[in-house]
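Note sheet for the following structure.
Residue numbers (this note's numbering): 3 to 369.
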């Protein structure tokens with residue numbers, strides 16, 4: 003199995019004009035070695051390290067064109083395995099993913115504006131002292147993700163970090179933190195709270211502003227189940243990230259995007275760090291029809307039922323199902339159990355994600 007997938011922005015240009023040039027390049031030393039995590043997909047990695055989610059197809063071509071037998075051929079861009087090492091070499095223009103503002107540096111940086119005192123992460127996590135001696139409730143901050151781009155207009159990439167704060171209650175507070183390179187150190191110059199139990203489905207830096215597509219609470223939503231899609235923009239002004247734009251997005255488009263597609267289950271990740279891994283996605287499918295009914299396949303069995311939508315909230319009512327014993331019966335049972343716990347659906351690139359009730363996990367589907 004190939005353990006390193008080399009992503010070289012310079013090579014992307016070469017493949018467009020000199021198809022034979024890529025193979026002729028000398029090996030490049032890795033500047034960053036990224037380990038694929040559960041829930042990763044190539045478009046997310048391409049956006050983070052190359053600045054364009056659509057570049058994932060070029061990444062596949064480059065990886066498959068490699069002469070290194072230690073590298074893996076990617077047959078399906080929707081299927082990459084946790085544990086693969088993505089090798090990102092040092093190339094001109096890639097300062098945002100290496101050195102001062104590398105992901106590793108951001109996971110160990112100090113962040114302000116969340117508590118009265120700054121919180122310093124260690125390997126992406128901060129845990130403070132208990133609020134009351136002997137109490138299990140204590141402040142925590144978790145690194146979720148980051149994007150890179152120019153926030154200050156100096157032509158140098160900065161970073162925006164997505165953080166989640168929790169203190170033992172039901173609330174999970176979402177923060178965005180702007181980080182810049184100051185004298186060779188990652189410095190958090192501004193932070194802003196986006197919401198409580200607010201999902202950030204898409205995050206990027208565009209034209210000097212932070213653009214976030216979020217799922218938040220409408221006026222009648224219970225705290226467990228946000229349904230309102232919004233786009234928010236923030237600009238760095240001095241030591242503040244100020245909201246410059248806010249728009250409610252019509253949910254009907256996402257409902258239409260859900261229906262009429264055979265969704266292949268790519269796996270599930272759970273809040274206890276467990277996961278369900280699927281090696282044959284075509285054996286586990288679901289199709290949501292416009293009439294409020296769905297049908298699917300769980301390994302060797304077929305099933306159906308009905309579903310209801312309220313904004314981005316989804317409720318699934320199981321119906322008839324064939325009852326043969328299947329080769330992957332345990333995985334099939336888990337697939338149906340996860341579907342039955344569906345609470346919220348949303349999209350990231352071409353993938354459907356379904357959050358389960360009580361924040362117990364997320365199902366991921368591809369076309």
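Yeah, the Cβ is synthetic: ideal placement off N, Cα and C, and Gly gets one too.
If you're wondering where the values come from, they're calculated on a predicted model, not measured in any experiment.
- Query: Hey, out of 154, 128, 152, 133, whose CA is closest to residue 142's CA?
  - Reply: Cα-wise, what sits closest to residue 142 is 128.
- Considering only the beta carbon of each residue, do residue 372 and residue 147 sit closer than 9 Å? Residue numbering for the chain in the displayed model covers 3 to 369; residue 372 lies beyond these limits and cannot be assessed.
- N-terminal and C-terminal residue of the alpha helix (DSSP H) that residue 106 is part of: Annotation: the continuous alpha helix (DSSP H) that includes residue 106 extends over 105 to 108.
- On the three-pair Cβ rule with 8 Å, is the segment 192 to 200 touching the segment 212 to 231? By the Cβ test, the segment 192 to 200 is in contact with the segment 212 to 231, since at least three Cβ pairs between them sit closer than 8 Å.
- Taking only runs of the beta strand (DSSP E) that begin and end inside the segment 224 to 256, which ones reach a length of at least 3 residues, in chain order? For the segment 224 to 256, whole beta strand (DSSP E) runs of length 3 or above, ordered along the chain, are 230 to 239, 242 to 251.
- Message: Using CA atoms only, rank isn't needed, just tell me which of 325, 108, 77, 330 is closest to residue 186.
- Response: Comparing C-alpha distances from residue 186 to each of 325, 108, 77, 330 shows the shortest one belongs to 108.
- Where does residue 322 fall in DSSP's three states? Strand.
- Same chain, Cβ closer than 7 Å to residue 336, five either side skipped, listed in chain order: Answer for residue 336: 278, listed in chain order.
- Residue range of the alpha helix (DSSP H) that includes residue 334: From DSSP, the alpha helix (DSSP H) with residue 334 extends over 331 to 342.
- Is the segment 260 to 274 in contact with the segment 230 to 249, if contact means three or more CB pairs nearer than 8 Å? With the rule of 3 Cβ pairs closer than 8 Å, the segment 260 to 274 does not count as touching the segment 230 to 249.
- Query: With burial defined as no fewer than 16 other Cβ atoms inside 10 Å of the residue's Cβ, what is the status of residue 366: buried or exposed?
  - Reply: Residue 366 comes out buried.
- Task: For the beta strand (DSSP E) containing residue 165, list its first residue and its last residue.
- Result: Counting along the chain, the beta strand (DSSP E) containing residue 165 begins and ends at 160 to 168.
- Message: Please return the same chain residues whose Cβ sits closer than 8 Å to the Cβ of residue 291, not counting the five positions on each side in sequence.
- Response: Its chain contains 261, 262, 297 as the residues whose beta carbon lies nearer than 8 Å to that of residue 291, once the 5 sequence neighbours on both sides are disregarded; these appear in chain order.
- Item | residue 364, buried or exposed, once every other Cβ within 10 Å from all chains shown has been counted against 16 | The C-beta of residue 364 has 16 or more other C-beta atoms within 10 Å across all chains shown, which makes the residue buried.
- Query: Can you check whether the CB of residue 229 is closer than 9 Å to the CB of residue 240?
  - Reply: Taking 9 Å as the Cβ cut-off, residue 240 and residue 229 do not qualify as a contacting pair.
- Message: Rounded to the nearest angstrom, what separates residue 231 and residue 251 at their Cα positions?
- Response: Taking the straight line from one Cα to the other gives about 5 Å.
- Query: Starting from residue 133 and walking both ways along the beta strand (DSSP E), at which residues does that stretch end?
  - Reply: From DSSP, residue 133 is part of no beta strand (DSSP E); its letter is neither H nor E.
- Is residue 204 near the ligand GTP, going by C-beta to nearest heavy atom under 8 Å? This structure lacks the ligand GTP, and indeed carries no ligand of any kind.
- From residue 361 to residue 170, what does the alpha carbon distance come to, in whole angstroms? So the alpha carbons of these two residues sit roughly 14 Å apart.
- Item | Candidates 184, 196, 208: closest to residue 166 by CA position | Ranked by how close their Cα comes to the Cα of residue 166, the residues 184, 196, 208 have 196 in first place.
- Roughly how many angstroms separate the alpha carbons of residue 271 and residue 136, rounded to a whole number? Whole-angstrom Cα-Cα distance: 32 Å.
- Message: What does DSSP give as the partner residue(s) for residue 261 in the beta ladder?
- Response: Bridge partners of residue 261: 290.
- Quick one, which of 151, 322, 348 has its alpha-carbon nearest residue 311's? Ranked by how close their Cα comes to the Cα of residue 311, the residues 151, 322, 348 have 348 in first place.
- Query: What is the rounded straight-line gap between the Cα of residue 340 and the Cα of residue 358?
  - Reply: Our two residues, residue 340 and residue 358, have alpha carbons roughly 7 Å apart in a direct line.
- Task: Taking only the alpha-carbon atoms, compute the straight-line gap between residue 120 and residue 113 and give it to the nearest angstrom.
- Result: Per the coordinates, the alpha-carbon of residue 120 lies some 5 Å from the alpha-carbon of residue 113.
- Query: DSSP state of residue 283, grouped into three classes?
  - Reply: Under the three-state reduction of DSSP output, residue 283 falls in the helix class.
- Message: So, under 8 Å CB-CB, residue 58 and residue 79 are touching, yes? Tell me the CB distance rounded to an integer number of Å.
- Response: Correct: roughly 6 Å between the Cβ atoms.
- Item | Spatially closest choice to residue 300 from 318, 324, 314, by CA coordinates | Answer by Cα proximity: 324.
- Query: If you draw a straight line from the C-alpha of residue 209 to the C-alpha of residue 189, how long is it?
  - Reply: Looking at the two C-alpha atoms, the distance is approximately 21 Å.
- Message: Does residue 309 pass the burial test, meaning 16 or more other C-beta atoms within 10 Å, or should it be called exposed?
- Response: Classification of residue 309: buried, given that the 10 Å Cβ count is 16 or more.
- Do residue 346 and residue 314 have their C-beta atoms within less than 9 Å of each other? Going by C-beta atoms, residue 346 is nearer than 9 Å to residue 314.
- For residue 216: DSSP bridge partner residues: Residue 216 is bridged to 202, 232.
- Express the C-alpha separation of residue 342 and residue 319 in angstroms, rounding to a whole number. Looking at the two C-alpha atoms, the distance is approximately 7 Å.
- Message: Taking only three categories from DSSP, how would you classify residue 278?
- Response: Here DSSP, grouped into helix, strand and coil, assigns residue 278 to strand.
- Message: I need the DSSP call for residue 327, collapsed to helix, strand or coil.
- Response: Coil, per DSSP.
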